[in-house]
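Note sheet for the following structure.
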Amino acid sequence: MAVQASHAAQARHARGVLRRQAAILLTVVAVLTGTLNYATPAQAVTIPSNPDRIREPVVAGSKVNTPTGSCTVGAVLIPRSIYSRITPYQRATRWFVIAKHCARMYAPIHVGTSILGDVVWQSATSDIELVRVSPRPDPSPLICVAHHPKNPAVCSPFQTFTARAAGQVFMTARGHVARLPVTGSGAADDDRFCTSGWSTGVQCIWHGVSIPPRTPLSYEHLVAGESGQLLNLDPGDSGGPVVNYSAELLGIISSVLPRTTLMLYTPMSQVLSELHDYQLASGD
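According to the numbering used here, the sequence shown holds residues 5 to 288 in order.
Pasting the structure below:
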């Protein structure tokens, strides 16, 4: 019996050694190959813990579905030019930013089962892309005018539209997550800041750090945040907003560095520099 117990203990020890060696080997391979966790978009059928994230109008932090899964909206934009906002249709059209690795060019983007629009632009170097969101037509009222009391009125429809995206962000307010008006854009400072992905929710656990030297990156113009804990973001959070306590947008979530506590994101200064014909939508 003692011999059998000894053999069993040796077998358990050997299995433990093999598991530790396998974990070390995976870590070495990740470092040598420069593997970054550009999260595969999460399955579209997954319901977020906050159902408001799949309701219209979509805002920064909303869940959107792609042909391969789902990602998170990072920022809602409108054109700067007044000539792009003349008609009711133009004034109700919106654009939003997500991560470039979320969907291919021209891919359709949905919220729930409703199509929002498609990808109309991708950055050549950064992990960002732009989705155009067509407005929803309202029931058409009739405008009737009679030029003389004895003449019949002439009626013509006046079409109005409702925007399907708004300049808001899912952020903590008075102890619960709500849609808050975006107050502008900024850069991370020494204070803590937050991410608002549809999968992991609002996490105010980040502070700015430098990307480690010689870290292989798949995209340019990235900066890093550190959380102090592993497994801080999930698939599906990609494209979501990096935001501070004042509801200023700081950037667009790109990826995590595997087996570290680091998150990479594209700063809003870079986003608005590349999309210089657009500005943040108001928080209406």
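Each residue gets a CB set at the ideal place from its N, CA and C atoms; glycine is no exception. These numbers were taken from a predicted model, which means no experiment stands behind them.
Buried versus exposed call for residue i [16 or more other C-beta atoms within 10 Å across all chains shown]
i	result
Pro220	exposed
Cys75	buried
Gln172	buried
His105	buried
Tyr87	exposed
Gly240	buried
Arg57	buried
Val223	The sequence shown places Tyr at residue 223, not Val. Buried is the call here.
Ile90	exposed
Leu235	exposed
Lys67	buried
Ala157	exposed
Ala285	buried
Ala150	exposed
Ala103	buried
Local conformation of residue i per DSSP, three classes
i	result
Arg196	coil
Glu60	coil
Val247	strand
Pro55	helix
Glu230	strand
Cys126	Sequence check: residue 126 is Gln here, not Cys. Strand, per DSSP.
Ser144	coil
Leu261	coil
Leu235	coil
Leu279	coil
Asp131	coil
Nonlocal neighbours in the same chain, by C-beta distance under 6 Å from residue i, ignoring five residues either side
i	result
Ala79	Ala64, Val101 and Leu253
Asp238	Ser203 and Thr204
Ala107	Thr70 and Val123
Leu268	Leu226, Ala228, Ser258 and Ser259
Trp125	Leu134
Pro92	Thr164 and Phe165
Cβ-Cβ separation, residue j to residue i (assumed contact under 8 Å), whole Å
i	j	result
Ala191	Ser259	With 8 Å as the limit, Ala191 and Ser259 do not qualify as a contact, their Cβ atoms being about 20 Å apart.
Gln163	Ser144	5 Å
Gly73	Val186	Wrong, their Cβ atoms sit about 26 Å apart, outside the cutoff.
Val135	Trp99	7 Å
Gly179	Ile209	With 8 Å as the limit, Gly179 and Ile209 do not qualify as a contact, their Cβ atoms being about 17 Å apart.
Pro61	Ala170	4 Å
Val247	Phe197	7 Å
7 Å CB neighbourhood of residue i in its chain, flanking five on each side removed
i	result
Thr270	Ser130, Asp131, Ile132, His225, Leu226, Gly255, Ile256 and Ser258
Ala96	Pro139, Phe165, Thr166 and Ala167
Asp142	Thr164, Phe165 and Thr166
Leu276	Ser189
Ala251	Val173, Met175, Leu184, Pro185, Val186 and Thr187
Ile119	Pro112
Ala27	Reliability of the predicted coordinates at Ala27 is poor, the pLDDT of 36 falling under 50, and the value obtained from them is presented with this limitation in mind. Excluding positions up to five away in sequence, the list is empty.
Tyr282	Leu81, Ile82, Pro83, Arg84 and Trp99
Pro216	none
Met109	Val123 and Gln126
Gln94	Ser88
Ala177	Leu184
Residues of its chain near residue i, where Cβ-Cβ distance is below 8 Å and the 5 sequence neighbours each way are ignored
i	result
Ala111	Thr70, Pro71, Asp122 and Val123
Val213	Ala228, Gly229, Glu230 and Leu266
Gly244	Ala64, Gly65, Cys75, Thr76, Val77, Gly78, Thr199, Ser200, Gly201, Trp202, Ile256 and Ile257
Glu278	Ser127, Ser130 and Ile132
Identify every run of the alpha helix (DSSP H) within the region 71-121, keeping only runs that are complete inside it and at least 4 residues long; order them along the chain.
-> DSSP runs (the alpha helix (DSSP H)) wholly in the region 71-121: 92-95.
Runs of beta strand (DSSP E) wholly within the region 148-225 (minimum 3 residues, chain order) = At a cut-off of 3 residues, the continuous stretches assigned as beta strand (DSSP E) that sit fully inside the region 148-225 are 158-161, 169-177, 180-185, 197-201 and 205-213.
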